[in-house]
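Residue numbers (the working numbering), protein chains in the order written: chain C, 7 to 301; chain F, 55 to 322; chain E, 926 to 1213.
Accompanying notes for the structure given below.
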Amino acid sequence: MPFIIETRQLHHLYSAGTPFEHSALNGVDFSAQTGEYLAIIGRTGSGKSTLIQHLNGLLKPTSGQVLFDGEDIWSSKERTRAVRFQVGLVFQYPEYQLFEETVYKDISFGPKNMGLDEGEVDRRVRQSARFVGLDEALLDKSPFDLSGGQKRRVAIAGVIAMEPRVLILDEPTAGLDPAGAAQILENIRTYHREKNATIILVSHSMEEVAREASRLVVIHQGSIPYSGVPADVFTHGRELEEMGLGVPAMTRVFARLRSMGADVPGGVYTIPQARDAILAALNRSKAPARGKELM
Amino acid sequence: MALKDITLGQFFPGSSPIHRLDPRAKLIALIVYIVALFLAVGWQTYLIAFLVLAAVVAVSTVKPRALLKGMKPVLFLLVFTAILNMFYTPGRELFHFWIFTMTYEGVARAFFMVIRILMLITATFLLTYTTSPLALTDGLEHLLSPLKKIRFPVHELAMIMSIALRFIPTLIEETDKIMSAQRARGADFDTGNLVQKAKALIPLLVPLFISAFRRADELATAMECRCYHGGEGRTRMKQLRYRPADALFILAALAVCVAVGVLAHFGW
Amino acid sequence: MKDAIIKTQQLVFRYTTEEGVAPTVLDGIDLTIEPGSFVAILGHNGSGKSTLAKHFNAILLPSGGKVWVSGLDTADEARLLDIRRQVGMVFQNPDNQIVASVVEEDVAFGPENLGVPPQEIRRRVDAALTTVGMEGYATRAPHLLSGGQKQRVAIAGVIAMEPACIVLDEATAMLDPVGRREVLSTVKKLNREKGITVVLITHHMDEAAQAGRLVVMHDGRIVRDGPPARVFQDVEGLRALGLEVPETVGLMYELRQAGLDVPLDALDVDGCAAELFSLLTQGEKSEA
Chain C
7 MPFIIETRQL HHLYSAGTPF EHSALNGVDF SAQTGEYLAI IGRTGSGKST LIQHLNGLLK
67 PTSGQVLFDG EDIWSSKERT RAVRFQVGLV FQYPEYQLFE ETVYKDISFG PKNMGLDEGE
127 VDRRVRQSAR FVGLDEALLD KSPFDLSGGQ KRRVAIAGVI AMEPRVLILD EPTAGLDPAG
187 AAQILENIRT YHREKNATII LVSHSMEEVA REASRLVVIH QGSIPYSGVP ADVFTHGREL
247 EEMGLGVPAM TRVFARLRSM GADVPGGVYT IPQARDAILA ALNRSKAPAR GKELM
Chain F
55 MALKDITLGQ FFPGSSPIHR LDPRAKLIAL IVYIVALFLA VGWQTYLIAF LVLAAVVAVS
115 TVKPRALLKG MKPVLFLLVF TAILNMFYTP GRELFHFWIF TMTYEGVARA FFMVIRILML
175 ITATFLLTYT TSPLALTDGL EHLLSPLKKI RFPVHELAMI MSIALRFIPT LIEETDKIMS
235 AQRARGADFD TGNLVQKAKA LIPLLVPLFI SAFRRADELA TAMECRCYHG GEGRTRMKQL
295 RYRPADALFI LAALAVCVAV GVLAHFGW
Chain E
926 MKDAIIKTQQ LVFRYTTEEG VAPTVLDGID LTIEPGSFVA ILGHNGSGKS TLAKHFNAIL
986 LPSGGKVWVS GLDTADEARL LDIRRQVGMV FQNPDNQIVA SVVEEDVAFG PENLGVPPQE
1046 IRRRVDAALT TVGMEGYATR APHLLSGGQK QRVAIAGVIA MEPACIVLDE ATAMLDPVGR
1106 REVLSTVKKL NREKGITVVL ITHHMDEAAQ AGRLVVMHDG RIVRDGPPAR VFQDVEGLRA
1166 LGLEVPETVG LMYELRQAGL DVPLDALDVD GCAAELFSLL TQGEKSEA
């Protein structure tokens, strides 16, 4: 299957030629397929913010290429601008970039910059508001009168309204309480499902990426040491710990159990998996003895 | 990005004799030195001023490159001053072009003017590069403290200054971030005519102002939590104390100033 | 009352609005915090937990009821500095609470305001920076530090005032996991080694689980109060309040739902693994 977005030997130097020069990306080969839900994990300063800003052309590679649909996004000025609308990027704490008088106007900022006609802008504003679960009545309100969680969803709707085929979100749940975080993650899943969009979720929470993404990409010191399905990536528990990342609590519980000598499988990283693994282990070893309790 | 790199008013910590001087001594010496610069007329007096400055730069261990880098923003001003002086000083004609006449006197004057501005800026940068912003505002607060008698809010002014200095890098970083975020939604800050460009700034300025107000509000609370209640009864960890070196430094500055003044008076 | 570091009695707080219709943010809070304890306050956004924290050092004053800090009524304006010196605050956004452009000068800010003599400030600043493990950064510019380091500087700024209590108002919310760990281990150390009372306001369950006492707020009231191991057992109750439980408790809850008789008090990985291990081996033993 062809990649919708791909980087080839991507290098990025900040402040090149000054005493502050430092390399943020060292030859990164990153790729994502259409409809894929993947997560990027890495510490602050690992290069993950630099990488995602290359994917929609906000940063220009020092060397290497960024391809969208197989074509270099820097091949022409028009191409770069067009890609920016195809690859939506939601920054950290996006609520701080709201600026319009009404929620409606703020969400329509992106679609209007695309040069869409009024009817299409209107359709997109209403649809993206629905995606993030914003009530129609809120559209005429000032975004500054909303709660923190609502503001965040308005900001996300502002990017979704451009109907990007790739949606990148940098720490979309940071600072939210569990209910607020769950709602945002649900909104992202809805967009992923209904638009068959590629989702790239940047997160610090191992539990969150373990639950949401089907593939993990680890970034450390400007390179990608690990990439793959969560079960595989989380087998590098010790290395991830050394990178300041760690693994989900369930993975640690099971690693601990195995080191104690219990006969449980590896590759467990969510609560349902852990539950099933424990129940299976109990069934295996003492089905006759504890069978009744399992009912 | 590029915005983060500007060095305006940046402090380079160090332990050179210049770093260790009392900020008040440095401030006074700077003022005296600027007076000397404006007294200077011929190349001899400029040479004295230049040598003195070069010596202080050498002692300060501040890299000349860092000083030069700071000149970039004033380049336009320099070129503008030079051209103005070259063409608008009456005197012997060097060459003539359309309605413009360049004169020997003009070239000489432009040269000295540029040298004067460069030295003035270098000296000022040297002060901010070798003095922590807090020490600097402290020094200012002390020097201006006589004004407290006429109810001039010296402490408040110094506090505002030091907080402004503290938040400049933070706000620059924030500007960068908001610009990127709006660009990601297709905002275009670079093309279009003046009106379009000004309009394009709204998505940047509104969030920036709101954030600045929020920061101010939170900072005020944090300061209250740390028992801030104005300048009254406040002590300082770093006491300003004149030492012999400070007195010598001011005396040296005065000596240079007087020397330049006297030499200039006798037409050197 | 003398013994409590913080005590609130029927604390009510309403914001005064121009229309006069003021929503009640705190609705009759009775809370006593013992000296030397480590208390976590948990609640969803808007539950009133941050508003409550701002009453602990007289940043906000009650609309009704009373708040005492070491026996001092926070409404007593004459004792304001005494109150604020005793209860230090660390806030969410590290960038908005650092006043000075040099780390050590920022740490000195509190003692300077209190009129402490210069040599004594120097001693306290050095000691505070060492306590939080930032002694190597004394002359750095704060804006070049990581989030966790900035928060540790903020904590140093508080302990330089030699307080009896530190309140962390969602101080870890903007940090990455490493930064959160740095801050949490710093305050735990302060609590353990210096006996400083710690009030940790958070919505991270795994942080709350590390406290000695867990207070849960909802709609301006205290709805749960007890040791974390006990409070977190009420998985359904907490979920109904928009909160979660630590993953380990979540697993035990799922196993109970599946009919197993396992306890719900496993707050960390080791405890959880130990309980599961005995569950698995118990079966084998009975079989043998």
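Here a beta-carbon is modelled for each residue, glycine too, at the ideal position from N, C-alpha and C.
Measuring only the C-alpha atoms, how far is residue 1065(E) from residue 1169(E)? Distance between the alpha carbons of residue 1065(E) and residue 1169(E) is about 39 Å.
Which word fits residue 106(C), buried or exposed, when buried means at least 16 other C-beta atoms lie within 10 angstroms of its C-beta? buried
Length of the line joining the Cα atoms of residue 306(C) and residue 113(C): Nothing in the structure corresponds to residue 306(C), since chain C is present only between 7 and 301.
Residue from 1115(E), 1129(E) and 1076(E) whose Cα sits closest to the Cα of residue 187(C): 1129(E)
Proximal residues of chain F, C-beta to C-beta of residue 1064(E) below 8 Å: 67
Tell me, please, whether the CB atom of residue 290(F) is closer than 9 Å to any CB atom in chain E? yes
For residue 91(C), which residues in the same chain have their Cβ closer than 7 Å to its Cβ, ignoring the five residues on either side in sequence? 120, 168 and 170
Residue 936(E) to residue 990(E), Cα distance in whole Å? Cα to Cα, the separation comes out at about 4 Å.
Which whole-angstrom value is the C-beta distance of residue 984(E) and residue 275(F), which I expect to be below 8 Å? 6 Å
Give the interface partners of residue 984(E) over in chain F, defined as CB-CB distance under 9 Å, in chain order. 275, 278 and 279
Quick one: what does DSSP say residue 153(F) is sitting in, helix, strand or coil? coil
Going by beta carbon distance, what residues of the same chain come within less than 6 Å of residue 1149(E), once the five residues before and after it are set aside? Leaving aside the five residues that flank residue 1149(E) on each side, the residues in its chain whose CB is nearer than 6 Å to its CB run, in chain order, 1141 and 1156.
Measuring CA to CA, which of 998(E), 1057(E), 1092(E) and 1100(E) is closest to residue 960(E)? Ranked by Cα distance from residue 960(E), the first of 998(E), 1057(E), 1092(E) and 1100(E) is 1092(E).
With three or more C-beta pairs closer than 8 Å as the rule, is the region 72-81 of chain F touching the region 173-188 of chain F? yes
If we define contact as Cβ-Cβ less than 9 Å, is residue 224(F) a contact residue for chain E? yes
With 9 Å as the threshold, decide whether the Cβ of residue 193(F) is near any Cβ in chain E. No, no contact with chain E.
What whole-angstrom Cβ distance do residue 1185(E) and residue 259(C) have, given they're in contact under 8 Å? Going by Cβ atoms, the distance from residue 1185(E) to residue 259(C) rounds to 15 Å, so no, they are not a contact pair.
Spell out whether any CB of chain E is found under 9 Å from the CB atom of residue 149(C). no
Identify, in the order they occur along the chain, each residue of the same chain with its Cβ nearer than 7 Å to the Cβ of residue 1009(E), setting aside the five sequence neighbours on each side. 982 and 983
How many whole angstroms separate the CB atoms of residue 1124(E) and residue 978(E), which I take to be in contact at a CB cut-off of 8 Å? 7 Å
Can you check whether the CB of residue 239(F) is closer than 9 Å to the CB of residue 164(C)? yes
For a minimum of 4 consecutive residues, which ranges assigned as the alpha helix (DSSP H) are wholly contained in the region 263-292 of chain C? none
Minimum Cβ-Cβ distance from residue 212(C) to chain F less than 9 Å: Not one chain F Cβ lies under 9 Å of residue 212(C).
Please compile the residues from chain E whose C-beta is within a distance smaller than 7 Å of the C-beta of residue 282(F). 1038
Which of helix, strand or coil does DSSP assign to residue 1102(E)? helix
Are the region 274-287 of chain C and the region 138-150 of chain F touching by the rule of at least three beta carbon pairs closer than 8 Å? No, they do not touch.
Between residue 1086(E) and chain F, is any beta-carbon pair separated by less than 9 Å? Yes, residue 1086(E) counts as interfacial toward chain F.
Interface residues of the region 1078-1109 of chain E facing chain C [CB-CB below 7 Å]: 1098, 1099, 1101, 1102 and 1103
Below 9 Å between beta carbons: does that hold for residue 931(E) and residue 1090(E)? Residue 931(E) places its beta carbon less than 9 Å from that of residue 1090(E).
Around the C-beta of residue 150(F), are 16 or more other C-beta atoms found within 10 angstroms, so that it is buried, or is it exposed? exposed
Could you check whether residue 1031(E) and residue 1082(E) sit closer than 9 Å to each other, using their CB atoms as the reference points? yes
Endpoints, the beta strand (DSSP E) within which residue 934(E) is located: 931-939
Report the residues of the region 242-261 of chain F with a CB closer than 7 Å to any CB of chain C, ordered along the chain. Here the close residues are 256, 257, 260 and 261.
Taking 9 Å as the cut-off, decide whether the C-beta atoms of residue 80(F) and residue 267(F) are in contact. no
Give me the subset of the region 165-183 of chain C whose CB atoms are less than 8 Å from a CB atom of chain E, sorted by chain position. From the region 165-183 of chain C, only 180, 181, 182 and 183 have a Cβ closer than 8 Å to chain E.
Taking a Cβ distance cut-off of 8 Å, strictly less, list which residues of the region 126-144 of chain C are near chain F, in chain order. none
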